[in-house]
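Remarks on the structure that follows.
There are 2 protein chains.
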Amino acid sequence: MQDVLRRHDIPSCLKICAGTDGSVTQLLEVLTGKNVKVETIAQHVVKATPEIAGLLNIETGEDVNDRLVTLKVDDIVYVLAKSLAPINRIPQGVKDDLMRADIPIGRILREHKLETRRDILKMEIVHRDFFGDIPVLSREYKIIYENSVLMWINECFPIDGRWRM
Amino acid sequence: MQDVLRRHDIPSCLKICAGTDGSVTQLLEVLTGKNVKVETIAQHVVKATPEIAGLLNIETGEDVNDRLVTLKVDDIVYVLAKSLAPINRIPQGVKDDLMRADIPIGRILREHKLETRRDILKMEIVHRDFFGDIPVLSREYKIIYENSVLMWINECFPIDGRWRM
Numbered sequence: 000m001q002d003v004l005r006r007h008d009i010p011s012c013l014k015i016c017a018g019t020d021g022s023v024t025q026l027l028e029v030l031t032g033k034n035v036k037v038e039t040i041a042q043h044v045v046k047a048t049p050e051i052a053g054l055l056n057i058e059t060g061e062d063v064n065d066r067l068v069t070l071k072v073d074d075i076v077y078v079l080a081k082s083l084a085p086i087n088r089i090p091q092g093v094k095d096d097l098m099r100a101d102i103p104i105g106r107i108l109r110e111h112k113l114e115t116r117r118d119i120l121k122m123e124i125v126h127r128d129f130f131g132d133i134p135v136l137s138r139e140y141k142i143i144y145e146n147s148v149l150m151w152i153n154e155c156f157p158i159d160g161r162w163r164m
Numbered sequence: 000m001q002d003v004l005r006r007h008d009i010p011s012c013l014k015i016c017a018g019t020d021g022s023v024t025q026l027l028e029v030l031t032g033k034n035v036k037v038e039t040i041a042q043h044v045v046k047a048t049p050e051i052a053g054l055l056n057i058e059t060g061e062d063v064n065d066r067l068v069t070l071k072v073d074d075i076v077y078v079l080a081k082s083l084a085p086i087n088r089i090p091q092g093v094k095d096d097l098m099r100a101d102i103p104i105g106r107i108l109r110e111h112k113l114e115t116r117r118d119i120l121k122m123e124i125v126h127r128d129f130f131g132d133i134p135v136l137s138r139e140y141k142i143i144y145e146n147s148v149l150m151w152i153n154e155c156f157p158i159d160g161r162w163r164m
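In the order they appear, the protein sequences are chains G and P.
Residue numbering for the first sequence follows numbering that gives the first Met the number 0, starting at 0 and increasing by one per position.
Residue numbering for the second sequence follows numbering that gives the first Met the number 0, starting at 0 and increasing by one per position.
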């Protein structure tokens, strides 16, 4: 377990969402008893920079779907999630759902019956303009499918009282 | 989400563990901040009955690893878990770990880098002799690997005050 999850100043419900190797959306729905709403802030296809190519194990210049969403319950943002997915590696049906956006990634993978694994890369406390002065627990992980990176994901969880649920 | 997870008489921490499509052991470790201990009650190879063959999509009479364990933290049992795995479908390294027992299944899958998905089949309130009069939330799911059932799992969570953590 990552050390940051042992800190006493981080709310338990946040720790649970940040600590799972399963779907965060699903846990948020269990915790709140309500539906999670995915809201897309930005979604477009970009050419991989050397940095992105490194994260995804692809060549610089390849097409990548770059998506930034929030996960909300009752208009409260619990997660800001950025995902990068190499277009050529995404199975067709998955691609349509991913680019239509507004569907949580866990649900997309489940509905298309993909077999995957999630490799957690990093967990740290940072700041993000989106959340202003509120400290943020950030985690990065890769979703692996057929031995390749299907998606690199960064989820940011604001550390404050909204997690008392 | 399963209806049983919306009931108000079920402790939140239990709902979280029963509601995840990820590793229960990992969530228990985040919730308690301690290591989970797997204790094997029984582990042996059996010939598939017609019922077991149906659960695993194999032929009657094929060899199946039948394992019953508890997940404990500080000597408190949080989960009683039964798993059935068709011997011929388990990759060799996984088989050794599984039959040596005392390693949580989520950790075995992660360490061998298996890509899988979990299909929840059923969730219900039952009684189990192991927990005496305490009602039990039971869930059944399959771990799918290479389009076949790698494991059928039944996890039983006692519904009582032990989940106040």
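Think of the CB as a built atom: it goes at the ideal place given N, C-alpha and C, for glycine as much as any other residue.
This structure is a prediction, so every number in the text was calculated from the model and none was measured.
_On the criterion of 16 or more Cβ atoms from any shown chain inside 10 Å, does P:D8 qualify as buried, or is it exposed?_
exposed
Less than 8 angstroms between CB atoms is the rule here; does P:L4 satisfy it with respect to chain G? yes
Practice task
For the beta strand (DSSP E) containing G:R138, list its first residue and its last residue.
Solution key: For G:R138, the enclosing beta strand (DSSP E) covers residues V135 to Y144.
Quick check: is the beta carbon of G:S147 nearer than 8 angstroms to any beta carbon in chain P?
no
Original post:
Between the stretch 142 to 159 of chain G and the stretch 8 to 25 of chain P, do at least 3 Cβ pairs fall closer than 8 angstroms?
Top reply: no
Subject >> Assigned exposure category for P:Q91 - 16 Cβ within 10 Å defines buried >> reply: exposed
Margin query: By the three-class DSSP mapping on this structure, what secondary structure does G:S82 have?
Written below: strand
(message) Considering only their Cβ atoms, is the gap separating P:K71 from P:E38 smaller than 8 angstroms?
(response) A contact, by the Cβ cut-off of 8 angstroms.
With a cut-off of 8 angstroms on the beta carbons, I'd call G:V3 and G:L120 a contact; round off their distance for me.
G:V3 to G:L120, Cβ: 13 angstroms. No contact.
- Could you check the C-alpha separation between G:G160 and G:R138 for me, to the nearest Å? 19 angstroms
Exercise. When the distance is taken between beta carbons, is P:V44 closer than 8 angstroms to P:D73?
Worked result: no
| query | Would you call the CB atoms of G:R5 and P:G32 closer than 8 angstroms? | reply | yes
Worksheet item: Using 8 angstroms as the Cβ pair cut-off and three pairs as the minimum, do the stretch 105 to 115 of chain G and the stretch 112 to 126 of chain P touch?
Response: yes
Checklist entry - Where DSSP assigns a beta bridge to G:N165, which residues make up the other side? => result It is not possible to answer for residue 165 of chain G, since the shown part of chain G is limited to 0 through 164.
Residues within the stretch 133 to 163 of chain P neighbouring chain G, beta-carbon criterion of under 9 angstroms: I143, Y144, E145 and N146
- Would G:I116 count as contacting chain P if we go by Cβ distances under 8 angstroms? The sequence shown places Arg at residue 116 of chain G, not Ile. It does; some Cβ of chain P falls within 8 angstroms.
Using a beta-carbon distance cut-off of less than 8 angstroms, what residues from the stretch 119 to 134 of chain G approach chain P? none
Practice task
May I ask which residues mark the beginning and end of the beta strand (DSSP E) holding G:V148?
Solution key: Run containing G:V148: S147 to P157, per the beta strand (DSSP E) assignment.
query = Under 7 angstroms Cβ-Cβ, which residues of chain P neighbour G:K99?
reply = Looking at the sequence shown, residue 99 of chain G is not Lys but Arg. Those within 7 angstroms of G:R99 in chain P number zero; the least Cβ separation is about 22 angstroms.
Point to revise | Status (buried if at least 16 other CB within 10 Å, exposed otherwise) for G:G60 | key: It is exposed - the Cβ of G:G60 has fewer than 16 other Cβ atoms within 10 Å.
**Q.** Terminal residues of the beta strand (DSSP E) in which P:R116 lies
**A.** R116 to V125
Which of helix, strand or coil DSSP assigns to G:K71
strand
query: Can the beta-carbon of P:T19 be found less than 8 angstroms from the beta-carbon of G:L26?
result: yes
(request) Please report how far the alpha carbon of P:G53 lies from the alpha carbon of G:L97, in whole angstroms. (result) 35 angstroms
Whether G:N64 touches G:A47 by CB criterion (8 angstroms)
It is not a contact, given that the beta carbons lie outside the stated cut-off.
Hey, is P:K81's beta-carbon within less than 8 angstroms of any beta-carbon in chain G?
Chain G, which has no Cβ nearer than 8 angstroms to the Cβ of P:K81, makes this no.
Original post:
With 16 other CB atoms within 10 Å as the buried threshold, where does P:D125 fall?
Top reply: A small fix is needed here, since residue 125 of chain P is Val in this sequence, not Asp. Label assigned to P:V125: exposed.
Q: Starting from G:T31, trace the alpha helix (DSSP H) both ways and give me its first and last residue.
A: V23 to T31
Fill in: Per DSSP, the bridge partner or partners of P:T39
BP columns for P:T39 point to P:V68.
Note to self: For G:D2, report the span of its alpha helix (DSSP H) as first-last.
What the structure shows: Looking at the DSSP string, G:D2 is not in any alpha helix (DSSP H), and its letter there is neither H nor E.
- Query: Within the 8 angstroms Cβ cut-off, does G:K226 reach chain P?
  - Reply: Not covered by the structure: residue 226 of chain G. The range shown for chain G is 0 to 164.
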